[in-house]
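In the working numbering, the protein residues as written are 57 to 522.
Data first, discussion second: the structure below is written as structure tokens.
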């Protein structure tokens with residue numbers, strides 16, 4: 057908890073406000089925003105966009121799982137107090153083999169729910185942010201209320217206090233672990249949706265009078281509050297049902313689908329009430345998943361629309377179709393394992409390296425004060441302090457993110473023989489190294505496409521000189 061808070065304050069909030077402010081100033085996605093800094097930095101924006109493209113492919117699968125859990129909530133009616141059976145509901149529905157070789161088994165319910173997820177995503181996105189915003193405006197508090205109920209119940213379970221102690225009391229010995237800090241930074245990036253083109257796009261939608269400095273801090277601490285509440289549910293339920301931190305799945309995504317059902321079946325002594333609560337809870341997660349999926353797809357479609365001058369609605373449709381085709385890869389029995397590999401590489405390598413490159417480009421090759429002025433343009437009371445923002449972007453982010461990336465690479469080869477999670481080397485090459493290489497070659501691939509289409513190369517924008 058302490059590590060996450062430190063990562064959010066030292067790196068997360070400055071990078072978040074930086075992306076939002078540049079997006080608003082330039083009125084464009086990540087590639088256009090980085091191009092406005094210097095033409096040669098546009099590939100960094102495309103790397104962030106490629107990150108979003110990869111993430112949206114497997115995030116839609118997670119959305120499909122949530123839809124499936126909503127539909128199958130009736131199963132909880134007969135599982136009152138049975139943590140083992142409750143945790144097995146998700147795995148049984150997915151028919152997962154927990155390794156990368158289970159191609160022979162396809163979960164048809166997951167396939168159907170995945171297709172439904174993509175249809176829902178497109179229907180929400182095709183009319184822009186306003187349509188999904190209206191839904192989320194009224195439903196965002198429902199999952200919070202559900203989490204609060206589960207947290208209160210979890211804290212009454214035997215052993216729950218031990219779980220809270222593990223969550224909130226720092227282990228001084230573990231604070232020296234580089235892996236702990238790297239995981240925290242990756243989670244901060246993922247939670248705040250930075251380094252994946254999203255916040256550049258969202259910034260481009262903001263009105264000129266938006267208060268970026270205040271909005272950025274509110275977003276970060278609101279996200280932190282929900283993360284803390286979710287953590288309370290996870291840790292009290294784990295320790296309340298006899299599990300410990302060592303029993304958590306290596307995949308954080310899998311852990312969420314294994315622990316929350318255990319919390320639900322311990323809510324009351326009535327199976328019917330628990331089943332109804334499960335349906336409401338997972339439906340609420342569906343509404344939040346729509347919003348998250350919308351933001352990721354928006355980051356990709358905005359970048360493509362800016363570059364190739366294609367109508368936004370048409371771009372969005374093709375992004376959804378292509379992403380949906382790739383996401384079918386995860387509906388087999390091996391899907392969970394492959395998703396775990398791709399998710400790990402996105403968090404541990406791609407996001408961190410994009411963050412490093414953005415910080416170097418904007419912190420050392422541009423007048424950083426101009427970005428700070430844009431952040432503070434509409435604020436009178438609270439202004440982003442120069443000592444905080446400039447120190448973070450110019451020194452903390454490059455040093456820490458560069459160091460973390462090198463540590464991950466060195467550890468991967470010296471301790472793990474180039475593989476992650478015990479999966480095969482071939483699986484890591486396909487789901488890890490190959491995707492990472494493509495992400496960072498994406499800018500050059502776009503250049504080739506640009507030349508093939510005989511598009512006129514864009515001139516350096518003068519917007520920052522105004």
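Virtual Cβ for every residue (Gly too), placed ideally from N, Cα, C.
In this text, all values refer to a predicted model and were calculated from it rather than measured experimentally.
Item: Residue 153 by DSSP, collapsed to three states: which one?; Value: coil
Item: Between the beta-carbon of residue 413 and the beta-carbon of residue 181, is there less than 8 Å?; Value: no
Item: With 16 other CB atoms within 10 Å as the buried threshold, where does residue 421 fall?; Value: exposed
Item: Check whether the region 255-265 and the region 346-363 are in contact - that is, three or more C-beta pairs closer than 8 Å.; Value: yes
Item: From residue 220 to residue 60, what distance separates their C-alpha atoms?; Value: 16 Å
Item: From the DSSP secondary-structure annotation, give me the bridge partner or partners of residue 388.; Value: 162
Item: Taking Cβ to Cβ, would you say residue 484 is nearer than 8 Å to residue 493?; Value: no
Item: Is the region 362-369 in contact with the region 194-214, if contact means three or more CB pairs nearer than 8 Å?; Value: no
Item: Expressed to the nearest angstrom, what Euclidean distance is found between the alpha-carbon atoms of residue 437 and residue 238?; Value: 34 Å
Item: Would you call the CB atoms of residue 434 and residue 266 closer than 8 Å?; Value: yes
Item: So, is residue 263 buried or exposed, given that buried needs 16 or more other C-beta atoms within 10 angstroms?; Value: exposed
Item: Hey, could you find the ends of the alpha helix (DSSP H) residue 302 is sitting in?; Value: Unbroken run through residue 302: none, as it is neither H nor E.
Item: Could you give the first and the last residue of the continuous alpha helix (DSSP H) run that contains residue 217?; Value: 216-224
Item: Mind the definition here: the region 106-121 touches the region 75-85 only if three or more C-beta pairs lie below 8 Å; say whether that holds.; Value: no
Item: Is DSSP giving residue 70 helix, strand or coil here?; Value: helix
Item: Looking only at its chain, what residues have a beta carbon closer than 6 Å to the beta carbon of residue 445, apart from the 5 residues adjacent to it on each side?; Value: 70 and 428
Item: Excluding sequence positions up to five away, which residues of its chain have a Cβ less than 8 Å from the Cβ of residue 236?; Value: 59 and 230
Item: Please report the straight-line C-alpha distance between residue 173 and residue 159, rounded to a whole angstrom.; Value: 22 Å
Item: With a cut-off of 8 Å on the beta carbons, I'd call residue 64 and residue 284 a contact; round off their distance for me.; Value: Not a contact, Cβ separation roughly 12 Å.
Item: Whose C-beta lies closer than 8 Å to the C-beta of residue 458 among residues of the same chain, with five residues either side of it excluded?; Value: 412
Item: Count the other CB atoms, across all protein chains shown, that sit within 10 Å of the CB of residue 292; report buried if there are 16 or more and exposed otherwise.; Value: buried
Item: Which one of 96, 209 and 491 has the shortest CA to CA distance from residue 404?; Value: 491
Item: Buried or exposed: where does residue 197 fall if 16 or more other Cβ atoms within 10 Å of its Cβ makes it buried?; Value: exposed
Item: To the nearest angstrom, how far is it from the Cα of residue 97 to the Cα of residue 501?; Value: 14 Å
Item: What ranges does the alpha helix (DSSP H) occupy inside the region 235-274, keeping only unbroken runs of at least 4 residues that lie completely in it?; Value: 254-261
Item: Using a Cβ-Cβ cut-off of 7 Å (strictly less than) and excluding sequence neighbours within five positions of residue 397, which residues of its own chain qualify?; Value: 476, 477, 479, 483, 484, 487 and 488
Item: Leaving aside the five residues before and after residue 259 along the sequence, list all residues of the same chain whose C-beta is less than 7 Å from its C-beta, in chain order.; Value: 75, 76, 77, 78, 79 and 80
Item: Note down, in chain order, each residue of its chain lying with its Cβ closer than 6 Å to the Cβ of residue 211, except the 5 sequence neighbours on either side.; Value: 292
Item: Between the C-alpha atoms of residue 510 and residue 455, what's the straight-line distance to the nearest angstrom?; Value: 40 Å
Item: Can you name, in chain order, every residue of its own chain whose Cβ lies under 6 Å from the Cβ of residue 360, other than the five neighbours on each side?; Value: 371
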